[in-house]
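Participant: Please find one structure pasted underneath; my questions will follow.
Protein chains: 2
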Amino acid sequence: MPTSPSRAERRRATEARVLDRARRLFAERGFDRTTIRAIAADAHVDPALVMQYFGSKRDLFLRAVEIPPPPPTPTTPAPDPGALVDQLLTTLGVKLGGLPDGTLAALRSMLTDPDAAEHARQSLGRQTDSVAAALPPDDEDAQARAALVVTTLVGVTIGHQLLGLAPLRDVPADRIAALLRPALEALVGSVRPVGPVGPVGPVGSQDVAGPPEGDAEGVGLDQLG
Amino acid sequence: MPTSPSRAERRRATEARVLDRARRLFAERGFDRTTIRAIAADAHVDPALVMQYFGSKRDLFLRAVEIPPPPPTPTTPAPDPGALVDQLLTTLGVKLGGLPDGTLAALRSMLTDPDAAEHARQSLGRQTDSVAAALPPDDEDAQARAALVVTTLVGVTIGHQLLGLAPLRDVPADRIAALLRPALEALVGSVRPVGPVGPVGPVGSQDVAGPPEGDAEGVGLDQLG
DNA sequence: CTCTTCACTCAACACTCGTTGAGCGAACGA
DNA sequence: TCGTTCGCTCAACGAGTGTTGAGTGAAGAG
């Protein structure tokens, strides 16, 4: 029989539980429609306790969408555009099946809540820089191209995850990734009207499973933190 | 000196003014953060009057995002994929500079308001069907491809119009359209790995100005009604 | 002019929200 | 066992919301 948990342990557990339910509700309903009372009820706790732990609803939301500091990654070597698309599609494919609640919460509220909007701008901006770094340095449209890549993924994710559009709901994530591949390659410039540039797999390929190697750090919608 | 407007005229004028301010505020702040009181104040009118005219906040919102019935267009001949991309890019280019408030309101609230979400699903669904109809009939992924086209445009519009992402803010709309063109063509399948399908212009073309002819009816983000 | 219609306002209700301060009671340290 | 700490609850406040019904006064009809 396990020893009953200490007071400190229980304290940490309830706080974690509250944060978890908050994340889920923020992801489902957005900031405005999620009430402190609902979170508290969901966590079997008094509303006042939520305030005591997190200070205010805003602070709780920021904690909920905040991403843990990125692993101490040694300056990721900028991949070539071909590999970049692979990375993007992989994380998209994986995450279409289950983005973390924190990211969904940020996406859900970014159009209606100023804090969430700022959070999204900064996060998507970082994503954009990350993608742009992998584009040929002589491309003066690199930032714009990268931003279009990112917003494209955002749009697809919104349609698939948040809106649940019928024509996408049934399609498996890797199929979506496969259909999207030529578009991203075109956007990124790795496929030119004549003569492809990088090491690119067969265009119609259904396989998205394996990223080249060394997983995509700093690239992918799940990094919206 | 103009004759003073009749009672009926004034009545219609104030109703139109209220609806106009409502649209603007819904587009700026979304459904939840827009109050009847704010709309009324903006239209120099009592809140109760807004209720009297539109019944409820929900009804007012639905009126605000509702698109006037499409012009009596004689069954638009399904364009080929190449012309389709032109249409999409044209409307995107134009509308990036100024989507109607009703559409912005629908986009703004679709992630947090159930009614707006349903509205968006139906509208984007119609858009998808319209795009899919222009794809080669033997393509079993037509619906998915079309949905990806639509969600891509939604994502770009959100990033550009609603979030105001820095890397896109300065870029003129037609440049965005030009950068997006190869991606949409790839998505639509007008550029295949081997053996293109339809009559397609040069892929790298920067020109977006002129749609083939007979403007894009039923296709374009502004039709989100 | 008189009477009616009606665009419009006033005041208030009922409700939900985030937030607060006091207080209870069990776990803890001595 | 005593006193203290502290995780947690209770009850309530004050602000803001959508919505309502009665009422006002000017434009229209006769």
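So the sequences go chain by chain: A and B.
Residue 42 in the numbering used here sits at position 42 of the first sequence; the count goes up by one each step and never skips.
Residue 38 in the numbering used here sits at position 38 of the second sequence; the count goes up by one each step and never skips.
C-beta atoms are modelled at their ideal positions from N, C-alpha and C, and glycine is treated no differently.
Every value quoted in this text rests on a predicted model; they were computed, and no experiment measured them.
1) Distance, Cα to Cα, A/A166 vs A/E9?
2) From this set, A/R11, A/D113, A/R37, which residue's C-alpha is nearest A/P47's C-alpha?
3) Please state the DSSP three-state secondary structure of B/D115.
4) Could you give the first and the last residue of the continuous alpha helix (DSSP H) run that contains A/E140?
5) Under 7 Å: does the beta carbon of B/E66 sit that close to some heavy atom of the ligand GDP?
6) According to DSSP, is A/G55 helix, strand or coil?
7) Starting from A/T35, find everything on chain B with Cβ-Cβ shorter than 8 Å and list it in chain order.
8) Using the Cα positions of A/E65 and B/L84, report the straight-line distance between them to the nearest angstrom.
9) Thinking C-beta only, is B/A147 closer than 8 Å to A/L187?
10) Does A/L84 come out as helix, strand or coil in the three-state DSSP assignment?
11) List the residues of chain A that B/I158 touches, going by C-beta distances under 8 Å, in chain order.
12) Nearest to A/R17 by CA position, among A/G30, A/A41, A/T90, is which residue?
13) Is there a Cβ from chain B that is less than 8 Å from the Cβ of A/L162?
14) Measure the alpha-carbon distance for A/L19 versus B/D113 and round it to whole angstroms.
15) Using a Cβ cut-off of 8 Å, pull out every chain B residue sitting near A/R121, in sequence order please.
16) Could you give the DSSP three-state label for B/A133: helix, strand or coil?
17) Considering only the beta carbon of each residue, do A/R58 and A/D115 sit closer than 8 Å?
18) Given A/E28, which residues of its chain have a CB within under 6 Å of its CB, disregarding the five upstream and five downstream residues?
19) Could you tell me the distance, in whole angstroms, from the CA atom of A/T14 to the CA atom of A/A43?
20) For the alpha helix (DSSP H) containing B/V188, name the first residue and the last one.
21) Judging by CA-CA distance, which residue of B/V45, B/Y53, B/L60, B/G102 is the nearest neighbour of B/I67?
22) Indicate whether the contact test is met: 3 or more Cβ pairs, each with one atom in the region 135-143 of chain A and one in the region 151-164 of chain A, closer than 8 Å.
23) In whole angstroms, what separates the C-alpha of B/L163 from that of B/L104?
Facilitator: According to the data block:
1) 45 Å
2) A/R37
3) When secondary structure is reduced to three states using DSSP, B/D115 falls in the helix class.
4) First-last for A/E140: undefined, no H or E at that position.
5) Because no ligand of any kind appears in the structure shown, any question about the ligand GDP cannot be addressed here.
6) If DSSP states are grouped into helix, strand and coil, A/G55 belongs with coil.
7) Within chain B, no residue comes near A/T35; the closest Cβ sits about 12 Å away, beyond 8 Å.
8) First, the residue type needs correcting, since residue 65 of chain A is Val and not Glu in the sequence shown. Approximately 39 Å between the Cα atoms of the pair.
9) no
10) helix
11) L111, T151, V154, G155, I158
12) Nearest C-alpha to A/R17: A/A41.
13) yes
14) 23 Å
15) L163, G164, L165, A166
16) coil
17) yes
18) none
19) 8 Å
20) Taken as a continuous stretch (DSSP letters only), the alpha helix (DSSP H) holding B/V188 covers 173-188.
21) B/G102
22) no
23) 12 Å
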